[in-house]
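First the structure, in the form of structure tokens, and then the observations on it.
Set out below in structure tokens:
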């Protein structure tokens, strides 16, 4: 269902974030992300020839993480194809400090420690957020399929347990899909909520 009908308005800015997850032939995984910012009007920019025209990319950043099945980063490549200042691409190699890091609890804190303020590019660092969640979607997709083939009583607790309200250990979703990990009430009063969040999964 789309959002409600808006008042009359004019589009000024568009940000597109795309992410892709790949299984490599060598058993590793490539997770790529791209962020593009465009505007619908021309505006001055000294470092890009004087003017950026409508649709020109003010920001065009790419990143690729190569990870293993334990979420450890084996390689990283960042690229800036469009930026407001000619100096912007000079920071991309700094992101190679993430090689050897495992994506998991503390990931956001680690990014702030390494790349906050003058030590990074705001937009490349932002892009690492959806890239990380895309990695989980990519690597866990097959695992979820395998788990779904089991009887609910035999399924292992998902790594996303208690990461959102639908996947709280007290929710009807968990009671149905992972009954061993359900910690909510066992009376019939909660059954009325079951259709609300039946098969939500991140």
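Numbering (our numbering), first residue to last: 3 to 204.
Backbone N, C-alpha and C define an ideal beta-carbon position, used for all residues, glycine too.
Helix, strand or coil: how does DSSP classify residue 117 here? helix
Can you tell me whether residue 93 is helix, strand or coil according to DSSP? DSSP places residue 93 in the helix class (H, G or I) of the three-state scheme.
Residue 170 versus residue 176 - alpha carbon distance: For residue 170 and residue 176, the gap between their C-alpha atoms comes out near 7 Å.
DSSP three-state label for residue 3, please. coil
Measuring CB atoms only, is the segment 19–28 touching the segment 119–133, in the sense that at least three cross pairs come out at less than 8 Å? yes
Given that a residue counts as buried once 16 or more other Cβ atoms are within 10 Å of its Cβ, and exposed if not, what is residue 3? exposed
For the 8 Å Cβ check, are there 3 or more pairs between the segment 154–170 and the segment 112–132? They do not touch, by the three-pair rule.
Excluding five sequence neighbours on each side, which residues of the same chain lie with their C-beta closer than 6 Å to the C-beta of residue 102? none
Does DSSP put residue 23 in a helix, a strand or coil? strand
Residues bridged to residue 63 by DSSP? 37 and 82
Span of the alpha helix (DSSP H) around residue 140: 124–150
Given that a residue counts as buried once 16 or more other Cβ atoms are within 10 Å of its Cβ, and exposed if not, what is residue 52? exposed
Figure out for me which residue from 7, 60 and 104 has the closest Cα to the Cα of residue 125. 60
With a Cβ-Cβ cutoff of 9 Å, do residue 81 and residue 64 count as a contact? yes
Which of the three DSSP states, helix, strand or coil, is assigned to residue 187? coil
Same chain only: Cβ atoms within 6 Å of residue 92, ignoring 5 sequence neighbours per side: For residue 92, where only same-chain residues beyond five positions count, there are no Cβ hits under 6 Å.
Rounded to the nearest angstrom, what separates residue 13 and residue 90 at their Cα positions? 27 Å
What do you get for residue 69, buried or exposed, if any count of 16 or more other CB atoms within 10 angstroms of its CB means buried? buried
For a quick check, are the C-beta atoms of residue 41 and residue 62 less than 9 Å apart? no
Is residue 127 closer than 9 Å to residue 113 when the C-beta atoms are compared? yes
Which runs of the alpha helix (DSSP H) spanning at least 4 residues fall entirely within the segment 149–179, listed in chain order? 174–179
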